[in-house]
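Written below as structure tokens is the structure these notes are about.
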Amino acid sequence: MKKGWRKEILQILGILTCAYFLIMCLMAMQLHVQHRNIDFFYEDQDHEHIHFSHTSGYCYKGPSIAQIARQNANFSTEQSIESRILGSCTMPVSSADVEMDALWRTLDVSYPLALSVGGWLDVVQVYSWVTKPLTVIIVPHSHQDPGWLFTYEYYFETYSNRIINLMVEQLTKNPAWRFVWSEVCWLEKWWEKASQSQKDSFTRLVRNGQLEIVSGGWVMPDEAVVHYSAMLNQLIDGHQWLMTHVGITPNISWSIDPFGHSPTTAYFNKRSGAKAMVIQRIHFGIKRHLAKINTMEFQWRQIWDSGSKTDIMTHILPFASYAITHSCGPNSHVCCQFDFYQKKCYYGKKSIRSEEINERNVKAKAWLLWEQFQKKSELFRENVLLVPHGDDFRYSDPREWEKQLGNLEKLMAYINSDKEMNTKVRFGTLSEYFTELEKAQTRPFPTFTGDFFPYSDRSDQYWTGFYTSRPHLKYLARRIQSLLRSVEILYAAAVAKANKMSEQLYSLLKLLPDLNVGRQELALFQHHDAITGTSRKTVTENYRERLQHTFSKLKPVYEKVTQIYLEQSLSVTKNHTVTMISDWMSMPLKELRKKLVHISQKRKLVIFNPLGHSRRVVLALMVDKPNVKVTNSSTTLTIPHQISPVWEKAGFIEDLYELSFEVNLPALSLSEVTVEKGEATQNTRLVFYTQPDTFFMNITLPGINIYQENSPYFSVSNGYLTAYFYTCNGRLQYVHYKSTGHLWRSEVKVVTYTSGKTWSTMFKDKGGAYTFVPDGPAETLSEPVDALFLIDGPLFSRVVTVQPTITQTVTIYKTHSNMAKGVHIENKVNMQKLDNTELMMRVESDIGESRAEMCVDLNGFQVKKY
Ligand SMILES: [Zn+2]
Numbered sequence: 001m002k003k004g005w006r007k008e009i010l011q012i013l014g015i016l017t018c019a020y021f022l023i024m025c026l027m028a029m030q031l032h033v034q035h036r037n038i039d040f041f042y043e044d045q046d047h048e049h050i051h052f053s054h055t056s057g058y059c060y061k062g063p064s065i066a067q068i069a070r071q072n073a074n075f076s077t078e079q080s081i082e083s084r085i086l087g088s089c090t091m092p093v094s095s096a097d098v099e100m101d102a103l104w105r106t107l108d109v110s111y112p113l114a115l116s117v118g119g120w121l122d123v124v125q126v127y128s129w130v131t132k133p134l135t136v137i138i139v140p141h142s143h144q145d146p147g148w149l150f151t152y153e154y155y156f157e158t159y160s161n162r163i164i165n166l167m168v169e170q171l172t173k174n175p176a177w178r179f180v181w182s183e184v185c186w187l188e189k190w191w192e193k194a195s196q197s198q199k200d201s202f203t204r205l206v207r208n209g210q211l212e213i214v215s216g217g218w219v220m221p222d223e224a225v226v227h228y229s230a231m232l233n234q235l236i237d238g239h240q241w242l243m244t245h246v247g248i249t250p251n252i253s254w255s256i257d258p259f260g261h262s263p264t265t266a267y268f269n270k271r272s273g274a275k276a277m278v279i280q281r282i283h284f285g286i287k288r289h290l291a292k293i294n295t296m297e298f299q300w301r302q303i304w305d306s307g308s309k310t311d312i313m314t315h316i317l318p319f320a321s322y323a324i325t326h327s328c329g330p331n332s333h334v335c336c337q338f339d340f341y342q343k344k345c346y347y348g349k350k351s352i353r354s355e356e357i358n359e360r361n362v363k364a365k366a367w368l369l370w371e372q373f374q375k376k377s378e379l380f381r382e383n384v385l386l387v388p389h390g391d392d393f394r395y396s397d398p399r400e401w402e403k404q405l406g407n408l409e410k411l412m413a414y415i416n417s418d419k420e421m422n423t424k425v426r427f428g429t430l431s432e433y434f435t436e437l438e439k440a441q442t443r444p445f446p447t448f449t450g451d452f453f454p455y456s457d458r459s460d461q462y463w464t465g466f467y468t469s470r471p472h473l474k475y476l477a478r479r480i481q482s483l484l485r486s487v488e489i490l491y492a493a494a495v496a497k498a499n500k501m502s503e504q505l506y507s508l509l510k511l512l513p514d515l516n517v518g519r520q521e522l523a524l525f526q527h528h529d530a531i532t533g534t535s536r537k538t539v540t541e542n543y544r545e546r547l548q549h550t551f552s553k554l555k556p557v558y559e560k561v562t563q564i565y566l567e568q569s570l571s572v573t574k575n576h577t578v579t580m581i582s583d584w585m586s587m588p589l590k591e592l593r594k595k596l597v598h599i600s601q602k603r604k605l606v607i608f609n610p611l612g613h614s615r616r617v618v619l620a621l622m623v624d625k626p627n628v629k630v631t632n633s634s635t636t637l638t639i640p641h642q643i644s645p646v647w648e649k650a651g652f653i654e655d656l657y658e659l660s661f662e663v664n665l666p667a668l669s670l671s672e673v674t675v676e677k678g679e680a681t682q683n684t685r686l687v688f689y690t691q692p693d694t695f696f697m698n699i700t701l702p703g704i705n706i707y708q709e710n711s712p713y714f715s716v717s718n719g720y721l722t723a724y725f726y727t728c729n730g731r732l733q734y735v736h737y738k739s740t741g742h743l744w745r746s747e748v749k750v751v752t753y754t755s756g757k758t759w760s761t762m763f764k765d766k767g768g769a770y771t772f773v774p775d776g777p778a779e780t781l782s783e784p785v786d787a788l789f790l791i792d793g794p795l796f797s798r799v800v801t802v803q804p805t806i807t808q809t810v811t812i813y814k815t816h817s818n819m820a821k822g823v824h825i826e827n828k829v830n831m832q833k834l835d836n837t838e839l840m841m842r843v844e845s846d847i848g849e850s851r852a853e854m855c856v857d858l859n860g861f862q863v864k865k866y
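Under the UniProt record's numbering, the first residue of the sequence shown is numbered 1, with each subsequent residue one higher.
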């Protein structure tokens with residue numbers, strides 16, 4: 001298979017993969033596999049508390065659904081597994097010296113018990129070492145989070161602005177000093193305030209190699225929960241800023257704080273011209289193993305690469321963190337003495353003061369440091385050593401520059417002059433390190449394929465909690481990303497079509513600043529403490545406001561650009577207004593009403609498909625009457641539609657209906673549909689499965705036929721499948737595939753995990769924004785069913801189960817598109833009721849081990865099969 005189109009196939013497969021259970025959750029999800037159960041889970045946002053009584057049980061006695069379904073389905077077990085939709089994941093074609101998927105099967109993840117309770121230790125130890133000639137490059141750096149404990153703005157005013165000022169001043173004064181800087185979002189802010197002479201000095205320092213911009217993304221993005229397009233956009237924006245203002249493109253990547261590392265980042269680094277990258281946070285068991293086999297530096301290869309074109313040189317910082325304490329060598333109590341601006345340094349409980357280097361102590365201190373260098377170099381293949389020297393928001397005071405780099409200079413001078421040490425040490429940038437490494441290289445570096453997820457730094461502290469922390473913000477960011485893509489495509493097309501010096505072009509150019517706000521804010525949110533949800537609550541609130549502000553900037557741009565494009569392309573006259581129908585920025589009833597389309601007058605809907613492939617989809621909008629006609633504006637042919645009642649809190653909303661219709665959208669197209677008043681169709685059934693004495697019996701809804709049923713189970717069907725549900729809890733139980741005859745148990749459960757509540761886990765760390773540390777197995781969420789009903793029309797059948805905490809809708813489409821091949825499940829969760837609780841949706845299936853395949857995506861860019 002040619003590599004060029006393999007990537008596309010991987011992405012298409014990403015869509016097919018979902019076809020068995022196309023799970024469309026409103027909140028962010030995390031996949032978690034336990035035996036044959038698949039959990040999709042949420043984390044509470046505000047850490048309030050809720051208790052649920054646990055009731056388990058089988059809620060229907062009698063012939064099982066399976067028995068009945070098998071009779072109905074003429075069930076056959078002989079059909080080949082290949083015919084199942086899930087069988088279409090691809091197999092990797094690359095080979096490498098270390099393959100992560102294979103390594104997981106044998107990886108030792110044991111952690112010393114005594115230390116797993118109250119603290120952690122460096123799992124990478126050096127037990128023996130030999131003296132060797134060494135070249136050591138010390139790389140001063142300062143890690144800048146654009147939002148974590150404080151907001152981005154606060155950090156800039158308090159630290160980052162000063163740090164960049166000092167960086168320029170100190171490097172200019174000391175030509176031997178070096179520094180590396182990563183995030184461009186700070187540079188852009190600083191540039192606004194800096195004097196021309198500061199800017200000139202900055203540029204000169206970058207050009208003469210004293211200051212190196214590493215990665216050069218807008219931020220240092222998270223690598224687990226970000227979508228590849230946002231990852232790429234923040235890299236493009238950072239690089240464009242650097243090219244415009246400084247005239248350079250970074251060629252080394254520096255990603256030292258994201259919670260696990262993705263091969264997607266490695267691929268983008270390679271394609272952006274980087275020659276090497278440095279990473280830090282990988283599972284302690286993997287780090288220990290790679291240290292043992294002397295593979296802390298390797299060529300990271302993409303899993304689809306049958307050759308070596310995607311290989312990128314990768315260096316893992318070997319110890320627990322990127323701080324100075326864990327950088328000079330394996331002994332943190334020694335290294336922390338060389339942090340000359342630290343507040344705490346301990347050897348056990350004994351506090352050690354870091355001393356100024358002087359003639360009296362320089363020899364002893366130099367030998368101490370030299371020994372750490374020698375020990376650390378045992379972990380690497382060549383006699384060149386990288387020693388970062390920095391930490392979070394460091395170097396914000398001139399005294400720190402003088403103490404850190406001044407004292408190191410004295411130590412370096414001693415080491416360089418002592419022949420017995422046989423070591424050359426100097427300040428350098430990452431480029432200088434990799435250049436030295438290239439010069440010293442004696443043999444090829446090993447190759448590696450795979451990813452570094454999940455991350456764990458000690459014991460069972462798996463950093464998978466952040467996959468679902470602050471799900472609403474994750475959701476908003478994805479929607480804004482989608483909106484931004486649409487706006488940018490139409491904007492580019494409209495500018496290309498506009499005549500020079502025309503009024504249209506002038507209007508478009510006026511919109512550019514708001515479009516840039518959208519790009520930069522979305523880029524900022526990819527930061528590894530933003531989209532992850534690991535910032536403080538106040539900082540999270542700040543991100544939410546920024547995203548809302550971004551939406552308010554982009555919405556009018558979208559409307560205006562669409563209007564101009566329609567004038568250009570479809571000869572629509574100027575006397576019209578384009579209003580974006582958004583159902584996602586907020587969902588309360590009053591907002592639904594605002595977005596209501598009154599059909600007393602004829603309405604034209606413009607539907608934009610921003611994707612590079614055609615789509616056949618069912619769309620929905622709110623209308624005020626059930627008697628509607630939908631037509632294709634260009635062919636004037638009638639489009640079949642469905643009218644559904646709208647549920648809100650405890651009943652159906654009067655004078656509000658969901659209008660659904662199916663459209664075929666060519667790639668990158670604008671399509672027009674007309675909605676107007678028509679004949680009442682009466683083609684939707686509303687079936688209640690709740691008890692007959694409820695108030696639902698008495699309601700009437702114009703245009704909807706209402707029924708009551710009392711059977712213990714029920715089913716819904718389309719041309720591809722039949723789905724079976726229990727009436728007692730409204731949950732999906734079985735899915736029968738008509739083409740293969742397979743009937744799979746597909747039992748959907750909603751379960752909860754708690755953390756830090758049982759005796760056995762009382763003294764361990766609780767799970768939180770970062771980690772998922774459950775007390776034990778999950779318990780079924782058992783709540784009364786307030787309402788259970790089926791909306792059944794010509795386009796889809798939808799089962800809605802309303803409970804106090806969760807409203808679940810299961811939809812089966814009756815169309816001929818891919819949408820009909822799966823079961824769509826959507827959950828709306830009342831998160832205010834949940835505290836210290838992980839809420840999950842689990843699907844229990846009887847698909848056998850030999851037949852089970854599960855595919856998950858990585859940044860929406862590649863698919864992995866398990
Ligand atoms: Zn950070």
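The beta-carbon is built from N, C-alpha and C at its ideal position, and this holds for glycine as well.
Query	Result
Taking the continuous beta strand (DSSP E) assigned at F298, which residues delimit it?	297-301
Can you list, in chain order, the stretches of the alpha helix (DSSP H) that have 4 or more residues and sit fully within the stretch 441-500?	471-497
Tell me the DSSP secondary structure of N233 in three-state form.	helix
Would you call the CB atoms of V606 and E672 closer than 9 angstroms?	yes
Considering only heavy atoms of ligand 1, list every residue whose Cβ is less than 5 angstroms from one of them, following chain order.	D145, D257
Within 10 angstroms of the Cβ of S552, are there 16 or more other Cβ atoms? Answer buried if so, exposed if not.	exposed
Please go through the same chain and pick out, in chain order, the residues whose beta-carbon is closer than 8 angstroms to the beta-carbon of G428, but skip the five residues on each side of it.	I137, I138, V139, R178, E436
When DSSP labels each residue in this structure, what does S306 get in the three-state scheme?	coil
So if DSSP puts N609 in a beta bridge, which residue, or which two residues, is it bridged to?	S669
Can you pull the DSSP bridge partners for K424?	T135
For S746 versus A778, is the C-beta distance shorter than 9 angstroms?	no
G390 lies in the beta strand (DSSP E); which residues open and close that run?	384-392
Give the range of the beta strand (DSSP E) segment to which E838 is assigned.	837-845
Take every Cβ of the stretch 442-455, pair it with every Cβ of the stretch 254-264, and state whether three or more of those distances are shorter than 8 angstroms.	yes
Using the three-state DSSP reduction, which class does D857 fall into: helix, strand or coil?	strand
Over the uninterrupted beta strand (DSSP E) stretch that includes P645, give me the two end residues.	641-648
Name the two residues that bound the continuous alpha helix (DSSP H) containing R546.	537-569
Does DSSP classify Q682 as helix, strand or coil?	coil
Tell me F661's beta-bridge partners as DSSP assigns them.	L619, H641
Which residues in the same chain as H54 place their Cβ atom closer than 7 angstroms to its Cβ, once the five residues preceding and following it in sequence are excluded?	Note on H54: pLDDT 28, under 50, position unreliable in the model; no value is reported.
In whole angstroms, give me the CA-to-CA distance for L430 and T325.	19 angstroms
Buried or exposed for N859, going by 16 or more other Cβ atoms inside 10 Å?	buried
Taking 9 angstroms as the threshold (C-beta atoms), are A224 and N251 in contact?	no
In three-state terms, what does DSSP make of I825?	strand
Mind checking which residues open and close the alpha helix (DSSP H) that includes T579?	Neither: T579 is in no alpha helix (DSSP H) and is coded neither H nor E.
Report yes or no: do the stretch 533-540 and the stretch 464-481 share at least 3 C-beta pairs separated by less than 8 angstroms?	yes
Would you please state the rounded distance, in angstroms, between the beta carbons of R381 and N294? I believe it to be under 8 angstroms.	6 angstroms
Skipping 5 residues on each side, what residues in its chain have a beta carbon closer than 6 angstroms to that of D311?	Q299, R301
Is it buried or exposed, E192, if we count other Cβ atoms within 10 angstroms and call 16 or more buried?	exposed
Are the beta-carbon atoms of I639 and V646 separated by less than 9 angstroms?	no
Do the stretch 678-686 and the stretch 621-630 make contact, defined as three or more Cβ pairs closer than 8 angstroms?	yes
Could you name the residues of the same chain whose beta carbon sits closer than 8 angstroms to that of T131, not counting the 5 residues immediately before and after it, in chain order?	Q374, N422
Measuring alpha carbon to alpha carbon, tell me which residue in L242, G273, G285, K287 is nearest K309.	G273
Which same chain residues, not among the five before or five after I564, have their C-beta less than 7 angstroms away from its C-beta?	A494, Q504, S507, L508
Between the C-alpha atoms of I847 and N818, what's the straight-line distance to the nearest angstrom?	22 angstroms
Using only the alpha-carbon positions, how far apart do S660 and E709 sit?	25 angstroms
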